[in-house]
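What follows is a short report on a single structure.
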Amino acid sequence: MKRRDVLYHIDLMLERNIGEDKKVLEVAKKSILKEYRFKFWANVILLIATAIIFGSFVVMSYFIYR
9 MKRRDVLYHI
19 DLMLERNIGE
29 DKKVLEVAKK
39 SILKEYRFKF
49 WANVILLIAT
59 AIIFGSFVVM
69 SYFIYR
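Numbering (our numbering), first residue to last: 9 to 74.
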């Protein structure tokens, strides 16, 4: 499921539940938000690393075959 879908379902469950269940769902919502934020930054770091590696091969091949 995408983040938006998960948060939507948690919001629906928050409206229906009361008491302890509501507290647990709020904690789950916060943890899901953090998880997806870390996932986003991990993807950004991987993209930058891939660009650096690919770019270094391009530059190296340019100087080798020049």
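Ideal Cβ placement from N, Cα and C applies to all residues, glycine included.
Assess, as a yes-or-no matter, whether the stretch 60 to 68 is touched by the stretch 34 to 41 under the definition of 3 or more beta carbon pairs within less than 8 Å.
no
For Arg12, does the three-state DSSP call read helix, strand or coil?
Start at 1 with the first residue of the sequence shown, and residue 12 comes out as number 4. If DSSP states are grouped into helix, strand and coil, Arg12 belongs with the helices.
Taking 9 Å as the threshold (C-beta atoms), are Ile40 and Ile18 in contact?
As a position in the sequence shown, residue 18 is number 10, starting the count at 1. As a position in the sequence shown, residue 40 is number 32, starting the count at 1. Against a cut-off of 9 Å, the Cβ pair of Ile40 and Ile18 comes out as a contact.
So, Leu20 versus Lys30, is the Cβ gap smaller than 9 Å?
On the sequence shown, position 12 is the one that residue 20 refers to. On the sequence shown, position 22 is the one that residue 30 refers to. No, the pair does not count as a contact, with Cβ atoms beyond the cut-off.
Local conformation of Gly63 per DSSP, three classes:
Position 55 of the sequence shown, counted from the start, is the residue given in the question as residue 63. Helix at Gly63.
Out of Leu15, Ile72 and Gly27, which has the shortest C-alpha to C-alpha gap to Glu43?
Residue 43 sits at position 35 when you count from the first residue of the sequence shown. Comparing Cα positions, the closest option is Leu15.
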